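Data block below; observations after.
2 protein chains.
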Amino acid sequence: MLPEQLKSIAYFQDLDARVLDRIRTRVFEVRLQKGQVLFTEGEPAQAMYVVRSGQVKIFKLSPDGREQVLRIAGPGDCFNEVPIFDEGPNPANAQTVEAAALWGIRRADMRRLVEEHPAIAIGFLKAFAGKLRYFTRKVEDLSFRSVTSRVAKLLLEMAEDDGKGGLRLKQQFTQQEMASVVGTAREMIGRAFKALEKEGAIRLDRHRVVIVSRAALARML
Amino acid sequence: MLPEQLKSIAYFQDLDARVLDRIRTRVFEVRLQKGQVLFTEGEPAQAMYVVRSGQVKIFKLSPDGREQVLRIAGPGDCFNEVPIFDEGPNPANAQTVEAAALWGIRRADMRRLVEEHPAIAIGFLKAFAGKLRYFTRKVEDLSFRSVTSRVAKLLLEMAEDDGKGGLRLKQQFTQQEMASVVGTAREMIGRAFKALEKEGAIRLDRHRVVIVSRAALARML
DNA sequence: TCCGCGGCGAGACTTAGGTCGCAGACCCCC
DNA sequence: GGGGGTCTGCGACCTAAGTCTCGCCGCGGA
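These protein sequence lines are chains A and B, in that order. Here the first sequence stands for residues 1 to 221, where the numbers follow my numbering. Here the second sequence stands for residues 1001 to 1221, where the numbers follow my numbering.
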């Protein structure tokens, strides 16, 4: 593992070489296949993780098996930092959406690093602040917005400029995946697509969503 | 202001007298009447606050005026700490539920204190971890539980042992207040009460909820 | 080539929850 | 003691969203 790679992690950006070196010795590697479960909610927390490649979904499960995705962690993202500071169990489940490579740092190790290097603590605080904003927005969305509006919002977040002025989706989710991100049933996603198509916001090109107009999508919020 | 009072704030618990002294000079006082708005979402953040007495509700507003309460801060609770670390605007609205007295610390002052005293940073990290858990549970509840179940949960949280083996509510909310905590319409609260009454979990003693059995309530989750 | 399986489209139906309207109870304040 | 504002209790109604059940398509493996 190269020290420059550590720099790509937001928490460690501002640290000098000596500290990075110390951290490096504490990092272990994990490789997972598509669909593998990394840990489950409620069990004692072992470590926090950083995604190097691939994608990991962080989600809650209802007693009857429904899934609510809290977020999808991609390269550079961290997850399971919370138990470092309150010694509690894992707050949610983690499972790969596609094959992934991760770095892990054990809870106690990370805790010690934070205590010894205040700069890391500030980094964590910034990151936590962002997450808190994110979750309050999520609560707001669930309680105020209709399913179609939540889907429109998700599509906006997934929209990406394809080289030449057009729009495409960063990745192709299945409808089931979108449903559990947005907190609804699979069938609703299809209906939301049709509603958005009627408004001229998207186009359905045989099983593929094409974003026609960002503005029209934004009007649906 | 007495230095012991500062100790009652979780963030400052582990600090020594010298540091507490420094903090004391930065604290300002605020007194608010019932129903007064302290700040609104989106405007530049001035300060973080600690509740000394009274209650402040932290909430989001929908475009059409519906209210979603994120939490109700009582004595000892802090709010609006997020903007300290990301320089962003206020993440929500704050308004008193009843007359309240607060301490405030300006954003930049608090930021400097945290940077100079790593112990405070750790305190904030613990508190943020707790809040993150709280909000993920809130998301979970909104997406998995029915209104009745959310109401039952709220009542359980509000339940308090009255000296002699019985149960009472910590405070009397109006149905409207409960509705915006739980994320629903006022009428639904009444219906949920009736459902819970039929299950023998509560009793409605003319406009007053009496908890009959904690176990029966828990069964409704 | 054919089969099986995961993902999708679509219609019919059910249901939880939101909306509306109004009336009675209560409470404070004048 | 009267009167307006707030809170509650319904009932009727409406609608968004969840559920169930198909049949189809497309793709990959045997």
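We put the CB at the ideal spot given by N, CA and C, even for glycine. Note that this is a predicted model, so its numbers are computed, not measured.
Query: Residue environment, Q1068(B), which counts as buried when at least 16 other CB atoms sit within 10 Å; Result: buried
Query: L1169(B) and M1158(B) closer than 8 Å at C-beta; Result: yes
Query: Where I23(A) falls: helix, strand or coil (DSSP); Result: helix
Query: Buried versus exposed, by CB contacts within 10 Å (16 or more), L1204(B); Result: exposed
Query: Spatially closest choice to V1210(B) from A1216(B), L1217(B) and I1202(B), by CA coordinates; Result: I1202(B)
Query: Reduced DSSP category for V114(A) - H, G, I as helix; E, B as strand; rest coil; Result: helix
Query: Which listed residue (V27(A), L61(A), A100(A) and G123(A)) has its alpha carbon closest to that of A10(A); Result: G123(A)
Query: Any chain B beta carbon closer than 8 Å to L217(A); Result: no
Query: Extent of the continuous alpha helix (DSSP H) to which R1219(B) belongs; Result: R1214 to R1219
Query: Residue from Y134(A), V50(A), G88(A) and V37(A) with nearest C-alpha to V97(A); Result: V37(A)
Query: Residue burial classification, P63(A) (beta-carbon count within 10 angstroms, cutoff 16); Result: exposed
Query: Element boundaries [alpha helix (DSSP H), containing L1196(B)]; Result: R1186 to K1198
Query: Partners in chain A for A1129(B), counting only beta-carbon separations shorter than 7 Å; Result: V82, F85 and D86
Query: Residue ranges of each beta strand (DSSP E) within the stretch 101 to 169 of chain A, 3 or longer; Result: 159 to 162 and 166 to 169
Query: Which of helix, strand or coil DSSP assigns to I1084(B); Result: helix
Query: The stretch 112 to 141 of chain A: positions lying closer than 8 Å to chain B by Cβ; Result: V114, E115, P118, A121, I122, F124, L125, K126, F128, A129, G130, K131, L132, R133, F135, T136, K138, V139 and E140
Query: Separation of T1174(B) from R1186(B), as counted between CA atoms; Result: 9 Å
Query: Residue-chain proximity (F144(A), chain B), Cβ-Cβ < 8 Å; Result: yes
Query: Under 9 Å from the C-beta of K1060(B): neighbouring residues of chain A; Result: T136, R137, V139, E140, S143 and F144
Query: Whole-angstrom distance between R66(A) and R1219(B), CA atom to CA atom; Result: 20 Å
Query: Chain A contact residues for R1066(B), given Cβ-Cβ distances below 9 Å; Result: S143 and F144
Query: Proximity of L1015(B) and H1117(B) at Cβ, strictly below 8 Å; Result: yes
Query: Buried/exposed call for E1087(B), threshold 16 Cβ in 10 Å; Result: exposed
Query: Given 8 Å, three or more beta-carbon pairs between the stretch 52 to 62 of chain A and the stretch 120 to 140 of chain A; Result: no
Query: Under 7 Å by beta carbon: chain A residues contacting G1183(B); Result: S143
Query: For Q176(A), the residue or residues it bridges with in DSSP; Result: Answer is none; Q176(A) lacks a bridge partner.
Query: Residues that L1070(B) contacts on chain A, provided the C-beta gap is smaller than 9 Å; Result: T136, V139 and E140
Query: Short-range partners of chain A found in the stretch 1188 to 1200 of chain B, where Cβ spacing is below 9 Å; Result: none
Query: When G54(A), A99(A) and A47(A) are compared against F79(A), the one with the closest alpha-carbon; Result: A47(A)
Query: The stretch 1034 to 1050 of chain B: positions lying closer than 9 Å to chain A by Cβ; Result: none
Query: Selection of the stretch 90 to 102 of chain A by Cβ proximity to chain B, strictly under 7 Å; Result: P91 and A92
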